[in-house]
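When you line the sequence shown up against the working numbering, it's residues 50 to 271, in that order. C-beta atoms are modelled at their ideal positions from N, C-alpha and C, and glycine is treated no differently. Read the structure below first, then the notes.
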Amino acid sequence: MTLESLWARGYERLGKLLNQRECENIRALYAQPELFRSRIDMARYRFGRGEYQYFAYPLPARVDELKQGLYRQLAPTAREWMAALSLPKDYPADLSSFLKECEDAGQARPTPLLLRYQAGDFNCLHQDLYGEVFFPFQVIVCLSQTEEEFTGGELLLVEQQPRAQSVGHAIRLEQGEAVAITTRYRPAKGSRGYHRTNFRHGVSEILSGERYTLGIIFHDAA
Ligand SMILES: [Fe+2]
């Protein structure tokens, strides 16, 4: 993976990772509460409007497989990324070793989640950080058919630049398509090396229909 767009803009389209059947199978899990450790009504916390559920361990096999594979692909870039941010961190090559580090820091609860948005729902700009240990990227996979099953509902990314105005990106995903985004910072290249820009992400209002997404966050939560 060259991940040029991740370095330049803070996100990288990863292409279609799931076919239609796999998307339907994963979103059908939403109706099985025994697979999840908690359900969040976003309006209640003023996170936006809509709801999501965090999977419990053990993760469903396909979700676990995606998480492990993506971690392995992203870990080398994560090391370069944190070095460029002057926050060097030696992320291990495999997910299980990284999760052990999370656990040692008191972060042992799983964070992959399914989100369900209906017409009028949205997600406020935020970061998904759950403790001291974090992985610098997370992956979002759209599980619904854009334009067929929902309209609106674009992924939003806002980059706060130091001493300048913020830059916004709106990302429209097709069903099964995945995007990797930075969880926190981007090392932006300036005339005197790199500086940190801060990122937040959210979802614009769903105008019609229903949109499911799978969020793969690599660090566990406290
Ligand atoms: Fe998020």
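| Check | Outcome |
| --- | --- |
| Pick helix, strand or coil for P107, following the three-state DSSP scheme. | coil |
| Taking only heavy atoms of ligand 1 into account, decide whether any of them is closer than 6 Å to the Cβ of D342. | Nothing about residue 342 can be read from this structure; the chain reaches only from 50 to 271. |
| Taking the alpha carbon of L201 as the reference point, which residue from L144, N68 and G169 has its own alpha carbon closest? | A quick correction: the sequence has Gly, not Leu, at residue 201. Closest option to G201, Cα to Cα, is G169. |
| State yes or no: is the C-beta of D177 nearer than 6 Å to some heavy atom of ligand 1? | yes |
| Could you tell me how far apart the beta carbons of Y101 and L206 are, in whole angstroms, since I believe they sit closer than 8 Å? | That belief does not hold up - the Cβ atoms of Y101 and L206 are roughly 18 Å apart, past 8 Å. |
| What is the rounded straight-line gap between the Cα of R158 and the Cα of S146? | 15 Å |
| Is the CB-CB distance between G225 and L67 below 7 Å? | yes |
| Taking its Cβ as the centre, do 16 or more other Cβ atoms sit within 10 Å of E208, making it buried, or is it exposed? | buried |
| Should the stretch 241-251 be regarded as contacting the stretch 169-182, the criterion being three or more beta carbon pairs within less than 8 Å? | yes |
| Tell me which residues share the same chain as L256 and place their Cβ nearer than 7 Å to its Cβ, disregarding the 5 neighbours each side in the sequence. | A168, T200 and G201 |
| Work out the CA separation of E223 and L84 for me, nearest whole Å. | 26 Å |
| If you draw a straight line from the alpha carbon of L227 to that of G242, how long is it in whole angstroms? | According to the sequence provided, residue 227 is Ala. The question's Leu does not apply to it. Rounded to the nearest angstrom, the two C-alpha atoms are 30 Å apart. |
| Which residue's Cα is closest to the Cα of F96: A127, N172, Q69 and H218? | N172 |
| Three-state secondary structure (DSSP) at Q122? | helix |
| Could you tell me if A77 is buried or exposed, where buried requires 16 or more neighbouring beta carbons within 10 angstroms of its beta carbon? | exposed |
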